[in-house]
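Residue numbers (my numbering), protein chains in the order written: chain A, 146 to 287; chain B, 146 to 287; chain C, 146 to 287; chain D, 146 to 287. Accompanying notes for the structure given below.
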């Protein structure tokens, strides 16, 4: 549930944060907000020629970047969009390549403390639903 | 020292790999090869409006992506450019923001085994030389 | 399901691996196998004076060590106990302290490839069930 | 240089912290302070039957635990021994096995901010000096 003192969150408001918060190069990932819950956001990362090299595989750099971006939005669903924060650490594991389909990026707050927020990200094939990348991250609230 | 069975490595050949190996979106980082040694590469990551949001700070996504990209080139200086490989894991720590200057990205092979290569990346301010980001990475040789 | 060419797995056989595979100092953690499934094991890590310093909090070193140990057993449930392996990387996040209760350590194989196995570990309070520590790990099959 | 408002640091005072700060099970590692500098500590981790399983190899659990322990002391050389702190995250890479010799564990503060301290740990063979394990860690100051 969204805290009552936070502005209402919607797919549109989160999509707007993607433009407001992130550098143009990050926006060029073409991330689309699909759904959200309290402390959780799911984005679609399109597979296209800009993000892949050989074999139509989405590059790892795009997956790490999408994971970090999704987590910032997941935190916003819980703490609102007025809370300055910064990524402290991100650990990313690449389980297998993803080719021939978009990726679905689900970020979830695991624990939100007073100064630190811990989150986890799962990236799956949008078609087959299989995990291809997992990340854990620590954010500092400023 | 470059193994004698590897093609000669030069700043130009490494710069060419940046175009040959990486997705257009990664190339849009504008990375420039500055120098190299056996198992080590230093790239410049330009600070510009595409890579920063507020305050002229280079975004963390660009730093993670530059780190991964630099490590692939560092491995190429040691194993040549014909060896297929993939990133298995990357752990990145963001020590402090970088604003108002380019970044220098130095990737170094820490250990190259038969199947796995371990590396470390240090990102510093190109002007003040202070560390802003550290990453450790594991690559699998295929 | 356990592959048919693997020896039958039981709580007792996994408990026996704790003695067979691990150094005496690791055995001194007093880990107890509680349950298992294919690719998953749950251990109990007792909270006692040996593992805690002030405030009856289980030390982080014990949690990292229990996580690594549990993952080796989780892999054994899937690949059998004859497969040599070694930890390549472990990333551990400490969400909050755990005091006044035992810990429950659940390790799960996320993906088992030909050469590498990826896993995740969740450590919770055995009484309140709340997550206190998360880890992700990469194992190499030798 | 040690801040003038911090108590004088010595090999003996750091060795005393090993007993004062850590759980008996961690003390059983038998860590010995070898040397220190501002923000840096080197410990010896003895290789013995308690810490190894087959082949006289020091177990990974002991290396992760020694790394975390060494970092707490490294921070104490810089911030004094009165500052409460806790490990937030540790990422550890196991480069190769270590057998037939003790380990030397060097922890170094990479950046100490107001709320967070970043550190790196290098574990080498005490005889051959070769790196076998690297870790990066984030501590929160409380």
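Each residue gets a CB set at the ideal place from its N, CA and C atoms; glycine is no exception.
Legend entry - Sufficient close CB pairs (3 or more, under 8 Å) joining the stretch 152-167 of chain D to the stretch 190-204 of chain D: no
Inset, instruction - Compute the Euclidean distance between the alpha carbons of residue 219 (chain A) and residue 173 (chain D), then round it to the nearest angstrom. - result: By one-based count along the first chain, residue 219 (chain A) stands at place 74. By one-based count along the fourth chain, residue 173 (chain D) stands at place 28. Each residue's alpha carbon lies about 42 Å from the other.
Inset, instruction - Anything in chain A within Cβ reach of residue 163 (chain D), meaning under 7 Å, just list it in chain order. - result: Taking the fourth chain and counting its residues from 1, the one referred to as residue 163 (chain D) is at position 18. Ordered by position in chain A, no residue passes the 7 Å Cβ test against residue 163 (chain D), which lies about 26 Å from the chain.
Inset, instruction - Give a yes or no on whether 9 Å exceeds the smallest Cβ distance from residue 167 (chain D) to chain C. - result: Indexing the fourth chain from 1 puts residue 167 (chain D) at position 22. Cβ-Cβ to chain C under 9 Å: yes for residue 167 (chain D).
Inset, instruction - Could you tell me which uninterrupted beta strand (DSSP E) segments, each at least 3 residues in length, are contained entirely in the stretch 178-264 of chain D, listed from first to last along the chain? - result: 185-190, 230-239, 248-257
Inset, instruction - Kindly list, in the order they appear in chain B, the residues whose Cβ is closer than 7 Å to that of residue 255 (chain D). - result: Numbered from its first residue, the fourth chain carries residue 255 (chain D) at position 110. By Cβ distance, chain B contributes 240, 276, 279.
Legend entry - Bridge-paired residues (DSSP) for residue 270 (chain A): The sequence position of residue 270 (chain A) within the first chain is 125, counting from 1. Residue 270 (chain A) pairs with A:248.
Inset, instruction - Evaluate the contact criterion for the stretch 262-282 of chain D versus the stretch 202-218 of chain D: three or more CB pairs, one atom per stretch, below 8 Å. - result: yes
Legend entry - CB of residue 230 (chain C) within 9 Å of CB of residue 237 (chain D), strictly: Numbered from 1 along the third chain, position 85 holds the residue referred to as residue 230 (chain C). Numbered from 1 along the fourth chain, position 92 holds the residue referred to as residue 237 (chain D). No.
Legend entry - Contacting positions in the stretch 220-233 of chain D - beta carbon closer than 7 Å to chain A: 233
Inset, instruction - Could you work out which residue in A:234, A:287, A:207 is closest to residue 248 (chain A) when comparing CA atoms only? - result: Looking up residue 248 (chain A) in the first chain gives position 103. It is A:207 whose Cα lies nearest to the Cα of residue 248 (chain A).
Legend entry - Of the listed residues D:167, D:154, D:186, nearest to residue 253 (chain D) (C-alpha basis): For the purposes of this step, residue 253 (chain D) is identified with residue 108 of the fourth chain, where counting begins at 1. It is D:186.
Legend entry - Distance cut-off 8 Å: residue 237 (chain A) Cβ against heavy atoms of the ligand SAM: The model depicted lacks the ligand SAM and carries no ligand whatsoever.
Legend entry - Cβ shell of residue 244 (chain C) (< 7 Å), same chain only, five flanking positions each side left out: Position 99 of the third chain, counted from the first residue, corresponds to residue 244 (chain C). Closer than 7 Å at Cβ, skipping near neighbours: 200, 201, 202.
Inset, instruction - Just the C-alpha distance for residue 270 (chain D) and residue 228 (chain A), rounded to the nearest angstrom, thanks. - result: To locate residue 270 (chain D), count along the fourth chain from 1; it is residue 125. To locate residue 228 (chain A), count along the first chain from 1; it is residue 83. The straight-line gap from Cα to Cα measures roughly 46 Å.
Inset, instruction - Work out the CA separation of residue 258 (chain A) and residue 223 (chain A) for me, nearest whole Å. - result: Indexing the first chain from 1 puts residue 223 (chain A) at position 78. Indexing the first chain from 1 puts residue 258 (chain A) at position 113. The alpha-carbon atoms of residue 223 (chain A) and residue 258 (chain A) are separated by roughly 12 Å.
Inset, instruction - Return yes when the Cβ of residue 233 (chain B) is within less than 9 Å of the Cβ of residue 286 (chain C), no when it is not. - result: Along the third chain, one-based indexing puts residue 286 (chain C) at 141. Along the second chain, one-based indexing puts residue 233 (chain B) at 88. No; because the gap between Cβ atoms is not below 9 Å, this pair is not in contact.
Legend entry - Residue from C:221, C:154, C:256, C:181 with nearest C-alpha to residue 279 (chain A): Stepping through the first chain from its first residue, residue 279 (chain A) is reached at position 134. Closest option to residue 279 (chain A), Cα to Cα, is C:256.
Inset, instruction - Mark residue 156 (chain C) as exposed unless 16 or more other C-beta atoms lie within 10 angstroms of its C-beta, in which case mark it buried. - result: For the purposes of this step, residue 156 (chain C) is identified with residue 11 of the third chain, where counting begins at 1. Residue 156 (chain C) comes out exposed.
Inset, instruction - Would you kindly work out how many angstroms separate the C-alpha atoms of residue 181 (chain D) and residue 221 (chain C), rounded to a whole number? - result: For this step, residue 181 (chain D) is matched to residue 36 along the fourth chain. For this step, residue 221 (chain C) is matched to residue 76 along the third chain. In a straight line, the C-alpha of residue 181 (chain D) is about 41 Å away from that of residue 221 (chain C).
Inset, instruction - Identify whether residue 156 (chain D) lies in helix, strand or coil by the three-state DSSP scheme. - result: Locating residue 156 (chain D) in the fourth chain gives position 11, counting from the first residue. Here residue 156 (chain D) sits in helix by DSSP.
Inset, instruction - Grab the span of the beta strand (DSSP E) containing residue 280 (chain C) for me, first residue to last. - result: By one-based count along the third chain, residue 280 (chain C) stands at place 135. Where residue 280 (chain C) is concerned, the enclosing beta strand (DSSP E) stretches over 276-286.
Inset, instruction - Would you kindly check if the distance between the Cβ of residue 240 (chain A) and the Cβ of residue 211 (chain A) is under 9 Å? - result: Here residue 211 (chain A) corresponds to residue number 66 of the first chain, with the count starting at 1. Here residue 240 (chain A) corresponds to residue number 95 of the first chain, with the count starting at 1. Contact: no.
Inset, instruction - Tell me, to the nearest whole angstrom, how far the beta carbon of residue 188 (chain B) is from that of residue 250 (chain B); I am working on the premise that it is less than 8 Å. - result: Here residue 188 (chain B) is taken as the residue at index 43 of the second chain, counted from 1. Here residue 250 (chain B) is taken as the residue at index 105 of the second chain, counted from 1. With 8 Å as the limit, residue 188 (chain B) and residue 250 (chain B) qualify as a contact, their Cβ atoms being about 5 Å apart.
Legend entry - Environment of residue 283 (chain D) [buried if 16+ CB atoms lie within 10 Å]: If you number the fourth chain from 1, residue 283 (chain D) lands on position 138. So residue 283 (chain D) counts as buried.
Inset, instruction - Give a yes or no on whether 9 Å exceeds the smallest Cβ distance from residue 269 (chain D) to chain B. - result: On the fourth chain, position 124 is the one that residue 269 (chain D) refers to. Residue 269 (chain D) does not count as touching chain B.
Inset, instruction - Indicate whether at least one CB of chain A lies closer than 9 Å to the CB of residue 258 (chain C). - result: Translated into positions along the third chain, residue 258 (chain C) becomes position 113. Yes, residue 258 (chain C) counts as interfacial toward chain A.
Inset, instruction - Report yes or no: is there a C-beta of chain B within less than 9 Å of the C-beta of residue 189 (chain A)? - result: Numbered from its first residue, the first chain carries residue 189 (chain A) at position 44. Taking Cβ atoms only, chain B never reaches closer than 9 Å to residue 189 (chain A), which makes this a no.
Legend entry - Candidates C:193, C:205, C:154, of which the one nearest residue 184 (chain C) by Cα: Mapped onto the third chain, residue 184 (chain C) falls at position 39. When only C-alpha atoms are compared, the closest one is C:154.
Inset, instruction - Mind reading off the beta-carbon distance from residue 169 (chain A) to residue 194 (chain B)? Whole number of angstroms is fine, and I expect it under 8 Å. - result: Indexing the first chain from 1 puts residue 169 (chain A) at position 24. Indexing the second chain from 1 puts residue 194 (chain B) at position 49. That belief holds up - the Cβ atoms of residue 169 (chain A) and residue 194 (chain B) are roughly 7 Å apart, short of 8 Å.
Legend entry - Residue nearest to residue 281 (chain A) in terms of C-alpha spacing, selected from C:192, C:235, C:179, C:226: As a position in the first chain, residue 281 (chain A) is number 136, starting the count at 1. Selected option, being the one with the closest Cα: C:235.
Legend entry - 9 Å Cβ cutoff met for residue 204 (chain A) and residue 171 (chain B): Counted from its first residue, the first chain places residue 204 (chain A) at position 59. Counted from its first residue, the second chain places residue 171 (chain B) at position 26. Yes; because the gap between Cβ atoms is below 9 Å, this pair is in contact.
Legend entry - Interface residues of chain C facing residue 248 (chain B) [CB-CB closer than 9 Å]: Locating residue 248 (chain B) in the second chain gives position 103, counting from the first residue. Under the 9 Å cutoff, chain C gives no residues; its nearest Cβ is about 24 Å from residue 248 (chain B).
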